[in-house]
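Structure first, then comments.
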Amino acid sequence: MSADPGPSPVGARPAGPRPDHLALVVGTATEIGKTWIGARTLEALVAAGRTVAARKPAQSFAPDDVGPTDADVLGAATGEPAETVCPRHRWYEVPMAPPMAAEALGRPVPSTADLLAELRWPTPAVDVGWVETVGGPRSPIAADGDAVTFANRLDPDLVVLVADAGLGTINAVLLSLTPFAGHRTVVLLNRFAPDDDLHRRNRDWLTTRQGLEVVVDPEALAALITQD
Numbered sequence: 008m009s010a011d012p013g014p015s016p017v018g019a020r021p022a023g024p025r026p027d028h029l030a031l032v033v034g035t036a037t038e039i040g041k042t043w044i045g046a047r048t049l050e051a052l053v054a055a056g057r058t059v060a061a062r063k064p065a066q067s068f069a070p071d072d073v074g075p076t077d078a079d080v081l082g083a084a085t086g087e088p089a090e091t092v093c094p095r096h097r098w099y100e101v102p103m104a105p106p107m108a109a110e111a112l113g114r115p116v117p118s119t120a121d122l123l124a125e126l127r128w129p130t131p132a133v134d135v136g137w138v139e140t141v142g143g144p145r146s147p148i149a150a151d152g153d154a155v156t157f158a159n160r161l162d163p164d165l166v167v168l169v170a171d172a173g174l175g176t177i178n179a180v181l182l183s184l185t186p187f188a189g190h191r192t193v194v195l196l197n198r199f200a201p202d203d204d205l206h207r208r209n210r211d212w213l214t215t216r217q218g219l220e221v222v223v224d225p226e227a228l229a230a231l232i233t234q235d
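Take any residue in the sequence shown, count from 1 to its spot, add 7: that is its number in our numbering.
Quick look at the structure:
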């Protein structure tokens, strides 16, 4: 488990005006669909006339990947260069958690303070800022921080937990939400099929028995993010 380094040093905070609505997205695990959901949600917000910006503090990937990186996908949705979404020196061509990938490549391993200081928001303030983390809640993003650390530092208006809709969903969701106590959270059930009985039962269990806020498509998430 990543240690929480305590309050960020002076200056270790995002530059630029804070977005009117700030969302931080995390998955129950890696490869759960965070980036796809992010792109579709941001596209829905843009279509609704909202100004948006996406940030991914660090990303890692296999060197032989032929598809776009997460930063490329998010940038295409917001109209920003991929290097604005994620600074180019935080792209790590090893499929490991970013601090491990940096170490494996012989590069400086970033701290939470480093990544927060590099996070820059546009001027004037955008309507929605979207921060995508890596892996699950406790997957390391920095040498001393993970998605929980970033939630505590950034104090987002909403923590979005992306989960699979199928078998194992309830356990994964409840375990993943535990460290975000104190933050407003919403669960996005990815790949939700309305005609799938298990998917419907998982959604209903989370909403009625656990009292969680649950949505099943990016359009509903986009509307939720901008609610005052």
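Glycine included, C-beta positions come from ideal geometry on N, C-alpha and C.
{"Check": "Round the Cβ separation of R57 and D134 to the nearest angstrom and send it over; I've been treating them as touching at under 8 Å.", "Outcome": "4 Å"}
{"Check": "In the region 87-145, which residue ranges form an unbroken alpha helix (DSSP H) of at least 4 residues, counting only runs that do not cross its ends?", "Outcome": "89-92, 105-111 and 119-125"}
{"Check": "Look at the alpha carbon of W98 and the alpha carbon of E220, and state the distance between them as a whole number of angstroms.", "Outcome": "33 Å"}
{"Check": "May I have the straight-line CA-CA distance separating L122 from D202, to the nearest angstrom?", "Outcome": "42 Å"}
{"Check": "Hey, which unbroken runs of the beta strand (DSSP E) at 3 residues or more fall wholly within the region 173-221?", "Outcome": "192-197"}
{"Check": "Please name the residue in A229, T176, D153 and P70 whose C-alpha comes closest to that of W137.", "Outcome": "A229"}
{"Check": "Mark R191 as exposed unless 16 or more other C-beta atoms lie within 10 angstroms of its C-beta, in which case mark it buried.", "Outcome": "exposed"}
{"Check": "Quick check: the Cα distance between L174 and L205, rounded to an integer number of angstroms?", "Outcome": "8 Å"}
{"Check": "Compute the beta-carbon to beta-carbon distance between F42 and S183, rounded to the nearest angstrom, for a pair I have assumed lies under 8 Å.", "Outcome": "At residue 42 the sequence reads Thr, which differs from the Phe that was named. So it is not a contact: roughly 17 Å between Cβ atoms."}
{"Check": "Roughly how many angstroms lie between the CA atoms of V222 and L195, to the nearest whole one?", "Outcome": "5 Å"}
{"Check": "Taking 8 Å as the cut-off, decide whether the C-beta atoms of R47 and P225 are in contact.", "Outcome": "yes"}
{"Check": "Comparing C-alpha positions only, which one of D235, V155, A69 and L126 sits nearest to A111?", "Outcome": "A69"}
{"Check": "Cutting at 6 Å between CB atoms, please list the residues of its own chain near G303, excluding the five before and the five after it.", "Outcome": "This structure cannot speak to residue 303, because the chain is shown only from 8 to 235."}
{"Check": "Looking only at its chain, what residues have a beta carbon closer than 6 Å to the beta carbon of A22, apart from the 5 residues adjacent to it on each side?", "Outcome": "R127"}
{"Check": "In the DSSP assignment, find the beta strand (DSSP E) that holds V59 and state where it starts and stops.", "Outcome": "V59 to R62"}
{"Check": "At a cut of 8 Å, does the region 69-80 reach the region 145-155 through at least three beta carbon pairs?", "Outcome": "no"}
{"Check": "Does the distance from the C-beta atom of H96 to that of T233 stay below 8 Å?", "Outcome": "no"}
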